[in-house]
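Only one structure is covered here, and it is reproduced in the block below.
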Amino acid sequence: MDSLLEVKKLKKYFNTPRGVLHAVDGVSFTLEKGKTLGVVGESGCGKSTLGRTVLHLLDPTSGKILFDGRDISVVDPKQLHELRREMQMVFQDPFSSINPRMTVAGIIGEPLKIYKVFDAKSDYEARVHELMETVGLADNMATKYPHELDGGRRQRIGIARALAINPKFIVCDEPVSALDVSIQAQILNLLMDLQDQLGLTYMFITHDLSVVKHISDDICVMYLGMLVEKCPAKELFVHNYHPYTKALLSAIPQPKLVQRQRILLKGEITSPINVGKKCRFAQRCPYAKEICFQKTPKLEEITPGHTIACHFAKEINGL
Amino acid sequence: MSEILLEVKDLVIHYFTDGEEACAVNGLSFDLAPQEVIGFVGETGAGKTTTALGIMGLVPNPPGRVLNGEIIFQGKDLLKASEAEMRKIRGEKITMIFQDPMTSLNPVLTVGDQIAEVVLLHNKMSKKQAMARAMEMLEMVGIPGARCSEYPHQFSGGMKQRVVIAIALACNPELLIADEPTTALDVTIQAQVLDLMRKLKEDLKTSLIMITHDLGVVAEICDKVAVIYAGEVVESGTLKDIFTDHRHPYTEGLFASIPDLDEDVDRLHVIKGLMPSPTDLPTGCKFHPRCPYATERCASERPKPVHLSDTHMVLCPRAGDGGAQKA
Numbered sequence: 001m002d003s004l005l006e007v008k009k010l011k012k013y014f015n016t017p018r019g020v021l022h023a024v025d026g027v028s029f030t031l032e033k034g035k036t037l038g039v040v041g042e043s044g045c046g047k048s049t050l051g052r053t054v055l056h057l058l059d060p061t062s063g064k065i066l067f068d069g070r071d072i073s074v075v076d077p078k079q080l081h082e083l084r085r086e087m088q089m090v091f092q093d094p095f096s097s098i099n100p101r102m103t104v105a106g107i108i109g110e111p112l113k114i115y116k117v118f119d120a121k122s123d124y125e126a127r128v129h130e131l132m133e134t135v136g137l138a139d140n141m142a143t144k145y146p147h148e149l150d151g152g153r154r155q156r157i158g159i160a161r162a163l164a165i166n167p168k169f170i171v172c173d174e175p176v177s178a179l180d181v182s183i184q185a186q187i188l189n190l191l192m193d194l195q196d197q198l199g200l201t202y203m204f205i206t207h208d209l210s211v212v213k214h215i216s217d218d219i220c221v222m223y224l225g226m227l228v229e230k231c232p233a234k235e236l237f238v239h240n241y242h243p244y245t246k247a248l249l250s251a252i253p254q255p256k257l258v259q260r261q262r263i264l265l266k267g268e269i270t271s272p273i274n275v276g277k278k279c280r281f282a283q284r285c286p287y288a289k290e291i292c293f294q295k296t297p298k299l300e301e302i303t304p305g306h307t308i309a310c311h312f313a314k315e316i317n318g319l
Numbered sequence: 320m321s322e323i324l325l326e327v328k329d330l331v332i333h334y335f336t337d338g339e340e341a342c343a344v345n346g347l348s349f350d351l352a353p354q355e356v357i358g359f360v361g362e363t364g365a366g367k368t369t370t371a372l373g374i375m376g377l378v379p380n381p382p383g384r385v386l387n388g389e390i391i392f393q394g395k396d397l398l399k400a401s402e403a404e405m406r407k408i409r410g411e412k413i414t415m416i417f418q419d420p421m422t423s424l425n426p427v428l429t430v431g432d433q434i435a436e437v438v439l440l441h442n443k444m445s446k447k448q449a450m451a452r453a454m455e456m457l458e459m460v461g462i463p464g465a466r467c468s469e470y471p472h473q474f475s476g477g478m479k480q481r482v483v484i485a486i487a488l489a490c491n492p493e494l495l496i497a498d499e500p501t502t503a504l505d506v507t508i509q510a511q512v513l514d515l516m517r518k519l520k521e522d523l524k525t526s527l528i529m530i531t532h533d534l535g536v537v538a539e540i541c542d543k544v545a546v547i548y549a550g551e552v553v554e555s556g557t558l559k560d561i562f563t564d565h566r567h568p569y570t571e572g573l574f575a576s577i578p579d580l581d582e583d584v585d586r587l588h589v590i591k592g593l594m595p596s597p598t599d600l601p602t603g604c605k606f607h608p609r610c611p612y613a614t615e616r617c618a619s620e621r622p623k624p625v626h627l628s629d630t631h632m633v634l635c636p637r638a639g640d641g642g643a644q645k646a
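Rendered as structure tokens:
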């Protein structure tokens, strides 16, 4: 399979009055065409910044982004304009990410106007109609305003807008977390159907592990700006090796009578400012030893296709 | 358990706005024994929060009005209580914690002052004693007592929710209503807060109403469950009744639409359609337009509760026919 997106040692730092904030710190991955990469982590782990940096909504501090064989690490505004034809985004909050003063058809058609895709008005209208049908919005919605619609339908507008100019790659940043479970299921099914029909590639950012398992081919687990574990989606739920992944998985309340053994983490996520050289999870890690506070662990392959960043990966897991 | 702490019967709460009538709660009933935990499960707009506000006597009027029903707490109907009596009950006997810890604390008062405020309102003691009690409460929820003089913005989300819990429990209430207490928190922090709540409820012997849309949270902490749809309890029972033998088509749909961590499915089950608007509820069974088993009878006739056992109630005629045996 060809890779569509290759990210190498991507870094995004922010300067703050209190020091340098390491939002994304040396993240590397490749994403094949037509596949979905799930990025999981808690608030503040840098997963949204990663998605935004890949799309050039934020400029990377350093590192390489290869998209479809081209180096897009540094782009000028003109190149960026062309690039956006191929990469789009669906945002978390369907209430604030669409313009309340435009009609549904206007919102969905806006990218078509920006890129002057059609000359004839009839072609434009036909495409908007087609897009609405694709995402399951009824025709009579076209002239409505966002406030007249519920969250699920608004998220469908966000998806139709992202699809308008036939992108190859879509970053979905928590697209279902603002929705109720029954609506969440509808949107997840829609996203998966669209991937089959249009051959889309997704980067799917979420904090919900059961959602990410359902939709992804590969999963990256992030903690404080770094990748701590990466492997095929199904593998992660059978064999997980990083202490943080273990705790994260065990923390999800299961809708079942028999609960799994819980690993309760101490404390909260530490500050991403002036992180220094240590394992970023060390303070909360039940297995942390001296070396964890002195040296940042490298991402290493522990079994084929499964990489983790932990000094004691082998010892903890008896490998 | 024969003793009853709280009994809600046929509660009806509607909101009146611009000539429209939003039927938020429509004949909801349940009861709760001392030290029991009941989970209210349902989607946005099901009427979970309005019910809770009803119990607290906090339904905003206007536009909201309690039209019917009884809320019997320790043998006394709260709907007939005067505002002065309710003020005594609220905060001392019944307390509530809200979803968003960021907005439920006062940003210009120290957390110690905010805990002490409740203590002073309901007890005769000096300010010093109240402060000591505030520190004790903070320690109980796992925050060093010395942080009592800090302001809410100096705490993280999980810590703020702990402070809110400390305020709610400061007067040893009989009943705590928790409205989505962990929804705004990350999973590892959610696990800590749930663990804390479970421990506190055992130590303090408080009854708990847990409002949530997350069936996982319910499984963690509740003894019994009420599934709420369009302002009615459509199914209620013990945790075991609901999780192993759910009979109502809506409960069935809710369980099926959650992606399973242990099993693989290609497509998620979807409950077709949308939650009905509370200003325009369907006739007959309120779930019938979305129900895969709906018959003509469902559209015209209000379903009667079917009692499958002492604990298990289903608001669907199919449950009684035996037709709902695991479809």
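Chain order of the listed sequences is L and C. Take the first sequence: its letter number 148 is residue 148 in our numbering, and every next letter is one higher. Take the second sequence: its letter number 290 is residue 609 in our numbering, and every next letter is one higher. Note that CB positions come from ideal geometry on N, CA and C, so glycine has one too.
* **Residues sharing a beta bridge with Cys342/C, DSSP** => As a first step, residue 342/C is located in the second sequence; it is residue number 23 there, counting from the start. DSSP output for Cys342/C lists His333/C as bridge partner(s).
* Mind checking the segment 259-282 of chain L against chain C and listing, in chain order, the residues whose C-beta falls within less than 7 Å of any C-beta there? => Gln259, Arg262, Leu264, Leu265, Glu268
* Opposing strand residues paired with Asn15/L [DSSP bridges] -> Translated into the one-based positions of the first sequence, residue 15/L becomes position 15. In DSSP, Asn15/L forms a bridge with Val20/L.
* With 16 other CB atoms within 10 Å as the buried threshold, where does Asp180/L fall? -> Walking along the first sequence from the start, residue 180/L turns up at place 180. Buried, because 16 or more other Cβ atoms sit within 10 Å of the Cβ of Asp180/L.
* **Secondary structure of Phe392/C, DSSP reduced to three states** => Locating residue 392/C in the second sequence gives position 73, counting from the first residue. In the structure shown, Phe392/C sits in a strand (DSSP, three-state: E or B).
* To do: Using a Cβ-Cβ cut-off of less than 8 Å, give me the residues of the segment 494-524 of chain C that come near chain L, in sequence order.
  => Asp505, Val506, Thr507, Ile508, Gln509, Ala510, Gln511, Leu513, Asp514
* Who are the near neighbours of Pro365/L in its chain, counting only those whose CB is closer than 7 Å to its CB and skipping five residues on each side? -> Examination of residue 365/L is not possible in this model, given that chain L is present from 1 through 319 alone.
* To do: Starting from His207/L, find everything on chain C with Cβ-Cβ shorter than 8 Å and list it in chain order.
  => Numbered from 1 along the first sequence, position 207 holds the residue referred to as residue 207/L. The contacting residues are Asp505, Val506.
* Asked: Quick one: what's got a C-beta closer than 6 Å to His520/C's C-beta in the same chain, skipping five residues either side?
  -> Counted from its first residue, the second sequence places residue 520/C at position 201. The residue asked about is misnamed: residue 520/C is Lys in this sequence, not His. Within the same chain, Lys520/C has close Cβ partners Leu527.
* Asked: How about the segment 62-73 of chain L and the segment 244-252 of chain L: do they share at least three Cβ pairs that are nearer than 8 Å?
  -> no
* To do: Could you pull out every residue in the same chain whose Cβ sits closer than 7 Å to the Cβ of His626/C, ignoring the five residues on either side in sequence?
  => Looking up residue 626/C in the second sequence gives position 307. Met632, listed in sequence order.
* Given a cut-off of 8 Å, decide if Cys220/L and Lys230/L are closer than it, judged by their beta-carbon atoms. => Taking the first residue of the first sequence as 1, we reach residue 230/L at position 230. Taking the first residue of the first sequence as 1, we reach residue 220/L at position 220. Yes; because the gap between Cβ atoms is below 8 Å, this pair is in contact.
* Can you round the beta-carbon distance between Gly225/L and Val24/L to whole angstroms, since I take them to be within the 8 Å contact cut? -> Along the first sequence, one-based indexing puts residue 225/L at 225. Along the first sequence, one-based indexing puts residue 24/L at 24. Correct: roughly 5 Å between the Cβ atoms.
* Asked: In chain order, what residues of the same chain lie with their CB nearer than 6 Å to the CB of Ala497/C, ignoring the 5 residues before and after it?
  -> Locating residue 497/C in the second sequence gives position 178, counting from the first residue. Result list for Ala497/C: Ile416, Met529, in chain order.
* Cβ atoms of Thr206/L and Ser177/L: under 8 Å apart, would you say? -> Your numbering for residue 177/L matches position 177 in the first sequence. Your numbering for residue 206/L matches position 206 in the first sequence. The answer is yes: Cβ separation under 8 Å.
* **Residue nearest to Asn140/L in terms of C-alpha spacing, selected from Val104/L, Asp119/L, Ile114/L** => Numbered from 1 along the first sequence, position 140 holds the residue referred to as residue 140/L. For Asn140/L, the nearest C-alpha among the options comes from Val104/L.
* To do: Answer yes or no: does any C-beta atom of chain C fall closer than 8 Å to that of Leu137/L?
  => On the first sequence, residue 137/L is found 137 positions in, with the first residue counted as 1. Closer than 8 Å: no.
* To do: Spell out whether any CB of chain C is found under 8 Å from the CB atom of Asn15/L.
  => As a working note, residue 15/L is residue 15 in the first sequence. Taking Cβ atoms only, chain C never reaches closer than 8 Å to Asn15/L, which makes this a no.
* **Own chain residues within Cβ distance below 8 Å of Cys285/L, not counting five before or after** => Stepping through the first sequence from its first residue, residue 285/L is reached at position 285. Taken in chain order, the residues that qualify are Pro243, Tyr244, Cys279, Cys292.
* Same chain, Cβ closer than 8 Å to Ile215/L, five either side skipped, listed in chain order -> Numbered from 1 along the first sequence, position 215 holds the residue referred to as residue 215/L. Contacts found: Thr36, Gly38, Leu188, Leu191, Met192, Tyr202, Phe204.
* Residue burial classification, Asp560/C (beta-carbon count within 10 angstroms, cutoff 16) -> Here residue 560/C refers to the residue found at position 241 when the second sequence is read from its first residue. Result: buried.
* Paired residues, beta bridge with Lys8/L - DSSP -> Here residue 8/L refers to the residue found at position 8 of the first sequence. Beta-bridge pairing links Lys8/L to Lys64/L.
* Roughly how many angstroms lie between the CA atoms of Gln259/L and Val537/C, to the nearest whole one? -> Stepping through the first sequence from its first residue, residue 259/L is reached at position 259. Stepping through the second sequence from its first residue, residue 537/C is reached at position 218. Between Gln259/L and Val537/C, the C-alpha separation is close to 11 Å.
* Can you check DSSP and say which residues form a bridge with Ile273/L? => Stepping through the first sequence from its first residue, residue 273/L is reached at position 273. Paired residue(s): Leu21/L.
* Asked: Can you name the start and end residues of the beta strand (DSSP E) that Ser526/C belongs to?
  -> Within the second sequence, numbered from 1, the residue matching residue 526/C stands at position 207. Ser526/C -> beta strand (DSSP E) spans 526-531.
* **Residue closest to Gly276/L, alpha-carbon to alpha-carbon, out of Ile302/L, Ala160/L, Thr296/L** => To locate residue 276/L, count along the first sequence from 1; it is residue 276. Measuring from the Cα of Gly276/L, the nearest candidate turns out to be Thr296/L.
* Straight-line gap, Lys33/L to Leu149/L (C-alpha atoms, nearest Å) -> Locating residue 33/L in the first sequence gives position 33, where the first residue counts as 1. Locating residue 149/L in the first sequence gives position 149, where the first residue counts as 1. Computed Cα separation, rounded: 34 Å.
* Closest by CA to Gly51/L, which one among Thr307/L, Asn15/L, Leu5/L, Ser96/L? -> Within the first sequence, the letter at position 51 stands for residue 51/L. Closest option to Gly51/L, Cα to Cα, is Leu5/L.
* Asked: Could you give the C-beta distance for Ile159/L and Val90/L, rounded to a whole number, given that I count them as a contact under 8 Å?
  -> Within the first sequence, residue 159/L is the residue found at index 159, counting from 1. Within the first sequence, residue 90/L is the residue found at index 90, counting from 1. Right, their Cβ atoms sit about 6 Å apart.
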